Amino acid sequence: MAPDAGKEEARLPHPLAAAPHFRRRPRRLTGLEEGATMEDVYLASVETDRGVKEQLRLYDTSGLQEGVELPKHYFSVADGFILVYAITSLEAFQRVEQLKKEIDIFRDKKEVTVIVLGNKMDLLEQRQVETEAAQQWARAEKVRLWEVTVTDRKTLLEPFTFLASKLSQSQNKSTFPLPGRKSKGNNCDN
Numbered sequence: 522m523a524p525d526a527g528k529e530e531a532r533l534p535h536p537l538a539a540a541p542h543f544r545r546r547p548r549r550l551t552g553l554e555e556g557a558t559m560e561d562v563y564l565a566s567v568e569t570d571r572g573v574k575e576q577l578r579l580y581d582t583s584g585l586q587e588g589v590e591l592p593k594h595y596f597s598v599a600d601g602f603i604l605v606y607a608i609t610s611l612e613a614f615q616r617v618e619q620l621k622k623e624i625d626i627f628r629d630k631k632e633v634t635v636i637v638l639g640n641k642m643d644l645l646e647q648r649q650v651e652t653e654a655a656q657q658w659a660r661a662e663k664v665r666l667w668e669v670t671v672t673d674r675k676t677l678l679e680p681f682t683f684l685a686s687k688l689s690q691s692q693n694k695s696t697f698p699l700p701g702r703k704s705k706g707n708n709c710d711n
């Protein structure tokens, strides 16, 4: 899941979707402005640090408007979270801080992998969020934080490899069904 501050400026996956290992599946909901989406779904094939390819299903919720809350069930079923902010927006970083608090509340502090991406690291002259302040917050919250830019896709490899590696370690504990994964209590051998 990739919630952000609800601003287009912090939206990360568009360039990712163009990569051959990402496929986009938009989910449009009625009642929203024409063309607006509640979420976009991406399937990603990511190699872990052990050399195993894992499939990740990413729900990009960056289309949320100010004042619209993330549906609560997302907090309980997600195996991990990617929180994205633009380093050029203090407001976006503050929204990420708030989302992390919500994750802690709704997950009842149960262990979940959370990574944070500070996008637009190529726009240093417009920086509003200082690297050290963001890293200090990340250490206090016990999350990993990377500064990335979609103009240099190599900056995205390490965070996604880390996420896939962490999630594959606890895959059997997952509450979210993926193709090929047997859910708890499902004794079907079909």
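Mind the numbering: the sequence shown is residues 522 to 711 in our numbering, read in order. Cβ coordinates follow ideal geometry from the N, Cα and C atoms, glycine included. Quantities reported herein were computed from a predicted structural model and do not represent experimental measurements.
Beta-ladder partner(s) of residue i, from DSSP
i: R578; result: L564
i: V617; result: Answer is none; V617 lacks a bridge partner.
i: A607; result: N640
i: W658; result: Answer by DSSP bridge pairing: none, since W658 is not bridged.
i: G473; result: In this structure the chain extends from 522 to 711, so residue 473 is not present and cannot be described.
Exposure label - residue i; buried when at least 16 CB within 10 Å
i: I608; result: buried
i: R616; result: buried
i: T670; result: buried
i: E554; result: With a pLDDT of 44 at E554, under the threshold of 50, the modelled position of that residue is not reliable, and no figure is offered here.
i: L678; result: exposed
i: A654; result: exposed
i: K675; result: exposed
Cβ distance (whole Å) where residue i is taken to contact residue j below 8 Å
i: E634; j: G601; result: In the sequence as presented, Glu is not what sits at residue 634; that position holds Thr. 4 Å between Cβ atoms; contact.
i: V567; j: E575; result: 6 Å
i: L688; j: I603; result: Between I603 and L688 the Cβ distance is about 11 Å, and since that is not below 8 Å, they are no contact.
Given residue i as reference, the closest of the options once Cα atoms are compared
i: K622; options: V598, D581, Q649 and W658; result: W658
i: E636; options: Y606, L678, R665 and S597; result: In the sequence on display, residue 636 carries Ile and not Glu. Nearest of Y606, L678, R665 and S597 to I636, Cα basis: R665.
i: E662; options: D625, D629 and Q690; result: D625
i: L645; options: E668, A613 and L620; result: E668
i: E632; options: Q656, R648 and V598; result: V598
i: V650; options: S610, F683, A685 and D673; result: S610
i: D581; options: S686, V573 and Y606; result: Y606
Run of the beta strand (DSSP E) containing residue i, from where it starts to where it stops
i: E668; result: R665 to E668
Host alpha helix (DSSP H) of residue i (start-end)
i: E679; result: K675 to Q690
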